[in-house]
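Residue numbers (my numbering), protein chains in the order written: chain A, 10 to 123; chain B, 6 to 115. The block underneath contains the structure these notes are about, expressed in structure tokens.
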Amino acid sequence: KAGVTQTPRYLIKTRGQQVTLSCSPISGHRSVSWYQQTPGQGLQFLFEYFSETQRNKGNFPGRFSGRQFSNSRSEMNVSTLELGDSALYLCASSLDRGENTEAFFGQGTRLTVV
Amino acid sequence: GIQVEQSPPDLILQEGANSTLRCNFSDSVNNLQWFHQNPWGQLINLFYIPSGTKQNGRLSATTVATERYSLLYISSSQTTDSGVYFCAVYPGGGADGLTFGKGTHLIIQP
């Protein structure tokens, strides 16, 4: 069974641009969550999607958005990139709603904003 | 929101030693997981353990939900055990996703 797949693995963007990251969950999993990891703030929750609906959102500005498709694949978008958005973005896949089941993480997308 | 504290923050041991990592949380939780982050950044699942005790080879974990802590035991450490260990909880009430501790950075020396 394939694991959680995130693309691209590495990305370099310029300040002010926008970026879209993709996450394909484990087959059969319906919940996808996104997390940001930085040296200063650690791992922080961005948002969770279940059955194409956003369930929860963390404390991040509106520049961070996401969506989930009918096949459970998810994308997150960051607009008007800032230097502080440089981070490792991790996607997690769960069979059911996040609080009920184990989360499995992808390898992450490392975003550098210059 | 819920607070998750891990201790110790750093731990240096010789190969073959045993270690105990602790995770304290400030409120009731729906689930608790332990992860090992590899050098490439991926979080590797170790245990899904909202309560009770589980064992997997040289690793075991215990969560006492009523007392709001979890312990990860590593026995007969190997150099490949080096890395950062994270505890993450899903707060009761179902909001806010997984909340992570700051991690324990473990270095196993040969």
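Backbone N, C-alpha and C fix where the C-beta goes; we use that ideal spot for every residue, glycine too.
Taking Cβ-Cβ distances shorter than 9 Å, what residues in chain A pair up with residue i?
i, result
"residue 37 of chain B", "Within 9 Å Cβ-Cβ: nothing; residue 37 of chain B doesn't reach chain A, min ~10 Å."
Could you compute how far the alpha carbon of residue i sits from the alpha carbon of residue j?
i, j, result
"residue 33 of chain B", "residue 19 of chain A", "37 Å"
"residue 92 of chain B", "residue 17 of chain A", "27 Å"
"residue 66 of chain A", "residue 49 of chain A", "20 Å"
"residue 70 of chain B", "residue 76 of chain B", "11 Å"
"residue 44 of chain B", "residue 86 of chain B", "11 Å"
"residue 89 of chain B", "residue 111 of chain B", "6 Å"
"residue 103 of chain A", "residue 112 of chain A", "5 Å"
"residue 100 of chain A", "residue 35 of chain A", "11 Å"
Can you pull the chain A residues whose beta carbon is under 7 Å from the beta carbon of residue i, in chain order?
i, result
"residue 145 of chain B", "In this structure chain B extends from 6 to 115, so residue 145 of chain B is not present and cannot be described."
For residue i, which residues of its own chain have a beta-carbon under 6 Å away from its beta-carbon, when the five flanking residues on both sides are left out?
i, result
"residue 38 of chain B", "53 and 93"
"residue 80 of chain B", "23 and 63"
"residue 36 of chain B", "55 and 95"
Quick one: residues in its chain with C-beta nearer than 7 Å to the C-beta of residue i, no 5 flanking neighbours on either side, listed in chain order?
i, result
"residue 26 of chain A", "90"
Give me the Cβ distance between residue i and residue j, rounded to the nearest whole Å; I'm assuming they're in contact under 8 Å.
i, j, result
"residue 155 of chain A", "residue 94 of chain A", "The structure shown does not extend to residue 155 of chain A, since chain A spans only 10 to 123, so no value can be given for it."
"residue 47 of chain B", "residue 114 of chain A", "6 Å"
"residue 104 of chain B", "residue 7 of chain B", "5 Å"
"residue 51 of chain A", "residue 107 of chain B", "5 Å"
Please go through the same chain and pick out, in chain order, the residues whose beta-carbon is closer than 8 Å to the beta-carbon of residue i, but skip the five residues on each side of it.
i, result
"residue 74 of chain B", "27, 28, 29, 30 and 68"
Quick one: which chain B residues come within Cβ less than 7 Å of residue i?
i, result
"residue 108 of chain A", "35, 36, 95 and 99"
Check the Cβ of residue i against every Cβ in chain B and list those closer than 9 Å, keeping chain order.
i, result
"residue 91 of chain A", "Here the premise fails: no neighbours, minimum Cβ distance about 21 Å."
Since residue i meets chain B, which of its residues come closer than 8 Å, beta carbon to beta carbon?
i, result
"residue 111 of chain A", "36, 38, 50 and 53"
Selection of the stretch 101–113 of chain B by Cβ proximity to chain A, strictly under 9 Å: 101, 102, 103, 104, 105, 106, 107 and 108
The stretch 30–55 of chain A: positions lying closer than 9 Å to chain B by Cβ: 42, 43, 44, 46, 51, 52, 53, 54 and 55
Residues of the stretch 57–74 of chain A whose Cβ lies closer than 7 Å to any Cβ of chain B, in chain order: 57, 65 and 67
Contact residues within the stretch 82–95 of chain B, judged by C-beta distance below 8 Å to chain A: 91, 93 and 95
Residues from the stretch 49–62 of chain B in contact with chain A, defined by Cβ distance under 7 Å: 50 and 53
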